[in-house]
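Asks:
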Amino acid sequence: MKTVTFNIGGMHCASCSARNERSLKKLGGVIEATVNLATHTANVKFEESKISENELYEAVIKNGYKVLAESNFESQKEEAKKELARAKKKAFAAIVLSIPVLILAMLGINLPLTIAGYNLGVWIQAIVSAFVILALGWEFHAGMIKRLRTFSANMDTLISIGTLAALFFSIWAMFSHQEHFYFETGAVITALILLGRYFEARSKGQASEAIEKLLQLGAKTARVVRNNKEIEISVEEVKVDDILIVKPGEKIPVDGKVVEGSTGIDESMLTGESMPVSKKIGDDVFGATINQSGSIQIKVTKVGQDTVLAQIVRMVAEAQTKKAPIQKLVDKVSGIFVPVVIGISVLTAVIWYILTGNAAQSFIPAVAVLVIACPCSLGLATPTAIMVGTGLGAKHGILIKNGEALEKSKHIDVVIFDKTGTLTEGKPKVTDVAACDSKISQNGIIMMAASMEKFSEHPLAQAIVNAAKEKNQRLMEAKDFDSLSGKGIKGKIGKDSFLIGNTRLLKENNISVEDCSEKLENLEREAKTVVIIARNEKVIGLIAIADTLKEDSKEAVEKLKKAGIETVMITGDNKRTAEAIAKKLGIEKIFAEVLPQDKAEKVKELQNQGKKVAFVGDGINDAPALAQADIGIAIGTGTDIAIESGDIVLVKGHPLKVVEALNLSKLTFKIIKQNLFWAFFYNIAALPLAAIGFLNPMIAALAMAFSSVSVVGNSLRIRNKKLV
């Protein structure tokens with residue numbers, strides 16, 4: 069299984085992207101194919117054993133388009149710059165040449181010279197218009213010819229037929245000594261559509277600037293220590309395990325760990341949060357973040373495409389190539405749109421000729437029908453909004469993986485928060501130690517528990533081990549260690565067997581907690597997680613551990629409630645502890661004492677009630693629940709940014725980021741619906757007006773050219789919106 073992304077040159081409307089997508093999907097071995105008009109890219113998942121990359125390219129080339137293989141953002145950016153320069157040059161030349169043609173025709177100016185029975189002004193109109201239509205507008209005619217070879221049609225077909233009809237009808241009228249010519253119509257239509265394409269290319273560049281800004285964040289050079297000397301090298305030359313020196317005010321060149329010094333680092337480009345983050349020896353730092361205060365040395369852990377910044381750029385780029393489900397409707401409409409418009413144009417000409425008997429009079433509305441039709445705006449409605457929305461999300465530390473996530477997010481009824489590391493800091497500390505056996509001291513309880521827990525990576529285990537370290541306790545040798553998921557651990561110290569965990573673990577092993585029940589209840593009432601230590605099937609002590617709430621957890625719950633979204637907390641903690649925390653946050657519904665593997669079942673339980681569920685978790689032990697939910701929102705850790713299970717990833721996100729993510733999704737989808745409404749409404753309203761003769765072809769061309777620009781402009785409004 070392989071996925072490849074490549075650029076497609078020569079696409080100008082939704083029917084272009086739809087045709088290429090259909091051709092790719094028809095190939096044997098292709099599992100999934102998406103062609104995006106806004107980014108001019110194809111994203112194809114295929115089986116290498118059945119089909120090669122070259123065969124994918126050939127399918128696109130046969131349709132009459134160009135292929136730029138091994139597409140990356142830099143190549144796309146370079147191609148976009150060239151396209152913009154070409155579009156500007158053609159549009160400017162066409163406008164300059166069309167103006168005198170329009171003035172001569174509209175004002176009926178006669179110049180002091182007659183050639184072959186016609187005034188020089190008419191000859192100037194004919195020659196200049198022919199140059200504008202045939203030379204400057206050649207891309208339309210070349211596109212039509214390519215489509216004819218495959219018995220298909222697109223936007224180029226409509227423009228080419230319309231402008232060539234105006235030109236050749238006028239030439240025929242000259243040689244037939246008719247009175248009416250339409251040279252200026254063909255020239256002005258060509259000029260206006262070229263101008264529209266220039267503005268469209270410029271607008272699309274603005275829509276895709278999010279990735280460019282992300283790439284610009286990276287440092288260009290690094291100060292490295294080699295052979296005990298400090299030298300400056302380009303960031304591309306940095307290798308894993310290099311030691312880099314980063315001074316105050318400088319960007320961190322690549323990802324690494326602090327090995328000397330301490331500082332505060334501005335990580336807003338990753339997280340969207342402006343407060344600097346304190347860093348000391350052993351802490352992770354990330355490329356493109358800014359060292360604010362102290363000079364530090366870091367050991368490089370990731371370079372190139374493995375860095376967090378590179379992963380973010382990759383995720384944003386992939387999200388921008390993928391379509392929202394609503395786009396399927398647009399693609400179906402676009403696939404039949406152009407042939408239908410040509411049919412309406414022919415029918416218009418026939419009806420007008422029957423009614424008037426005048427070929428010239430039937431010609432004008434038929435051409436207007438051709439040039440007013442605009443599948444371009446239909447094709448740009450969804451992808452441009454997704455491009456701008458995902459770009460704004462990345463700026464705020466919200467990575468939206470695909471258009472489907474945007475569309476589904478607007479329907480969310482319930483948000484389930486995993487407690488540890490999501491609503492809480494995920495860094496629990498020991499707050500109380502209670503001995504249940506008078507012969508054992510509190511220090512003894514901590515020492516025995518830490519000797520066992522040192523083998524576990526669970527946050528509660530680490531809290532106990534850290535408490536022992538703070539007391540400088542020497543840990544004993546433990547053996548036969550076994551981790552019991554969601555319950556605790558068991559093992560031996562010397563001849564003594566230990567069970568350390570929650571009440572469920574003790575009940576399953578028929579161990580009574582009666583001697584310590586009052587202390588246990590008091591600690592749990594304080595919203596503390598209590599770890600019970602049993603030696604040789606007798607409870608000897610309790611260790612209470614508390615995890616502080618994240619500062620914006622309560623605000624996030626309040627804002628979700630205000631938006632009409634129910635919040636639920638899910639945790640492995642006992643019910644009493646869970647209820648105490650939920651009460652602090654204002655959460656009314658909880659799922660307590662839930663094992664990691666059962667979280668997905670709780671999600672399903674709510675879905676079976678007809679609710680659309682978003683699950684917020686850390687993306688590791690919550691993977692099944694994230695996958696089961698309608699929307700999985702994964703909290704990134706910086707080092708684990710590309711979490712596969714989540715539809716949306718919050719980079720070092722706080723709970724309030726969940727609100728921002730849902731608001732961004734709703735906003736983006738609202739813009740998509742607006743774009744599609746106006747694109748469909750424009751065509752539905754404009755075609756009949758053109759057919760009955762209410763629209764001059766030149767006005768129709770101007771309206772068509774700027775309908776695409778208006779769609780992109782509407783999408784760009786997303787950039788200025790506040791998310792909370």
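For any residue, its number in the numbering used here is found by taking its place in the sequence shown, counting from 1, and adding 68.
Yeah, the Cβ is synthetic: ideal placement off N, Cα and C, and Gly gets one too.
For the candidate residues His108, His80, Ile119, Leu105, whose alpha-carbon lies nearest to that of Val98?
Replies: Closest option to Val98, Cα to Cα, is Ile119.
Asks: Identify, in the order they occur along the chain, each residue of the same chain with its Cβ nearer than 7 Å to the Cβ of Phe737, setting aside the five sequence neighbours on each side.
Replies: Here the set comprises Leu474, Glu475, Lys478.
Asks: Rounded to whole angstroms, what's the CA-CA distance from Ala155 to Ala269? Just pull it up for me.
Replies: Using only the alpha carbons, I get a separation of about 8 Å.
Asks: Report the option in Lys563, Asn534, Arg542 whose CA atom is closest to the CA atom of Asp548.
Replies: That would be Lys563, whose Cα lies nearest to the Cα of Asp548.
Asks: Measuring straight from C-alpha to C-alpha, what distance separates Val409 and Ala234?
Replies: Cα to Cα, Val409 sits roughly 17 Å from Ala234.
Asks: Would you decide whether Gly350 is buried or exposed? Buried here means 16 or more other CB atoms lie within 10 Å of its CB.
Replies: Looking at its Cβ environment, which holds fewer than 16 other Cβ atoms inside 10 Å, Gly350 is exposed.
Asks: For the beta strand (DSSP E) that contains Lys596, what are its first and last residues?
Replies: Here Lys596 belongs to no beta strand (DSSP E), and DSSP marks it neither H nor E.
Asks: Could you confirm whether any beta carbon from chain C is found closer than 7 Å to the beta carbon of Asn122?
Replies: Of the protein chains in this structure there is only one, and it is not chain C.
Asks: When DSSP labels each residue in this structure, what does Ala110 get in the three-state scheme?
Replies: Correct three-state label for Ala110: strand.
Asks: How would you call Trp420, buried or exposed, if buried means at least 16 neighbouring beta carbons within 10 angstroms?
Replies: Buried: at least 16 other Cβ atoms inside 10 Å.
Asks: Excluding the five sequence neighbours on either side, which residues of its own chain have a C-beta within less than 8 Å of the C-beta of Val169, listed in chain order?
Replies: Closer than 8 Å at Cβ, skipping near neighbours: Ile192, Gln193, Val196, Ser197, Val200, Phe251, Glu252, Ala255, Val256.
Asks: Just list the residues that DSSP pairs Asp323 with in beta bridges.
Replies: According to DSSP, which records beta bridges pairwise, Asp323 is partnered with Lys370.
Asks: Could you check which residue in Lys469, Phe160, Met515 has the C-alpha nearest to that of Asp715?
Replies: Closest by alpha carbon: Lys469.
Asks: Of all the options Ala434, Ile422, Lys672, Val308, which has the alpha carbon lying nearest to the alpha carbon of Gly761?
Replies: Taking only the C-alpha atoms, the option nearest Gly761 is Ala434.
Asks: Take Lys627 as the anchor and find which of Ala101, Arg215, Val726, Thr616 has the nearest alpha-carbon.
Replies: Closest option to Lys627, Cα to Cα, is Val726.
Asks: Extract the residue ranges of the alpha helix (DSSP H) inside the region 682–757, only unbroken runs of 4 or more that lie entirely within it.
Replies: Runs of the alpha helix (DSSP H) inside the region 682–757: 691–696.
Asks: Tell me, please, which residues DSSP counts as bridged to Ser413.
Replies: Answer by DSSP bridge pairing: none, since Ser413 is not bridged.
Asks: Could you check whether Ala769 and Val439 sit closer than 7 Å to each other, using their CB atoms as the reference points?
Replies: Going by C-beta atoms, Val439 is nearer than 7 Å to Ala769.
Asks: Look at the alpha carbon of Gly211 and the alpha carbon of Ala101, and state the distance between them as a whole number of angstroms.
Replies: Going by the C-alpha atoms only, they are around 23 Å apart.
Asks: Examine the Cβ distances between the region 353–371 and the region 325–333 and report whether three or more of them are shorter than 8 Å.
Replies: Yes, the region 353–371 is in contact with the region 325–333.
Asks: Relative to the C-alpha of Gln675, which candidate in Leu653, Ile480, Val533 has its C-alpha closest?
Replies: Answer by Cα proximity: Ile480.
Asks: Would you say Ala624 and Leu718 are within 7 Å of each other, going by their C-beta atoms?
Replies: The answer is no: Cβ separation not under 7 Å.
Asks: Quick one, are the C-beta atoms of Ala449 and Leu105 less than 7 Å apart?
Replies: No. Outside cutoff.
Asks: Closer than 6 Å by C-beta to Glu634: which residues in its own chain qualify, once you throw out the five before and the five after it? Chain order, please.
Replies: Answer for Glu634: Val482, listed in chain order.
Asks: Whole angstroms is fine: what's the gap from Gly286's alpha carbon to Ser585's?
Replies: If I take the Cα positions, the gap works out to 57 Å.
Asks: Check whether the region 590–608 and the region 559–573 touch, using three or more Cβ-Cβ pairs below 8 Å as the test.
Replies: Segments in contact, yes.
Asks: Let me confirm a value: Asp690 is counted as buried when at least 16 other C-beta atoms fall within 10 Å, else exposed. Which label applies?
Replies: Classification of Asp690: buried, given that the 10 Å Cβ count is 16 or more.
Asks: Please name the residue or residues paired with Ser346 in a DSSP beta bridge.
Replies: Answer by DSSP bridge pairing, in chain order: Gly332.
Asks: Kindly give me the distance between the Cβ atoms of Asn75 and Leu136, rounded to whole angstroms, as I take these residues to be in contact under 8 Å.
Replies: Rounded, the Cβ-Cβ distance is 4 Å, consistent with contact.
Asks: Under a three-way DSSP split, which group does Ser363 fall into?
Replies: In this structure, Ser363 counts as coil in the three-state DSSP scheme.
Asks: Check the C-beta distance from Ala259 over to Ala162 and give it rounded, since I have them as a contact under 8 Å.
Replies: With 8 Å as the limit, Ala259 and Ala162 qualify as a contact, their Cβ atoms being about 4 Å apart.
Asks: First and last residue of the beta strand (DSSP E) that includes Phe485?
Replies: Where Phe485 is concerned, the enclosing beta strand (DSSP E) stretches over 482–486.
Asks: What residue from Asp323, Glu318, Lys297, Lys319 has the CA that sits closest to Lys307's CA?
Replies: Comparing Cα-Cα distances from Lys307 to each of Asp323, Glu318, Lys297, Lys319, the minimum goes to Asp323.
Asks: Tell me, please, whether the region 494–502 touches the region 522–539 by the rule of three or more beta-carbon pairs shorter than 8 Å.
Replies: Yes, they touch.
Asks: Do Leu784 and Val456 have their CB atoms nearer than 7 Å?
Replies: For Leu784 and Val456, yes; Cβs fall inside 7 Å.
Asks: Does Phe659 come out as helix, strand or coil in the three-state DSSP assignment?
Replies: It is a strand residue.
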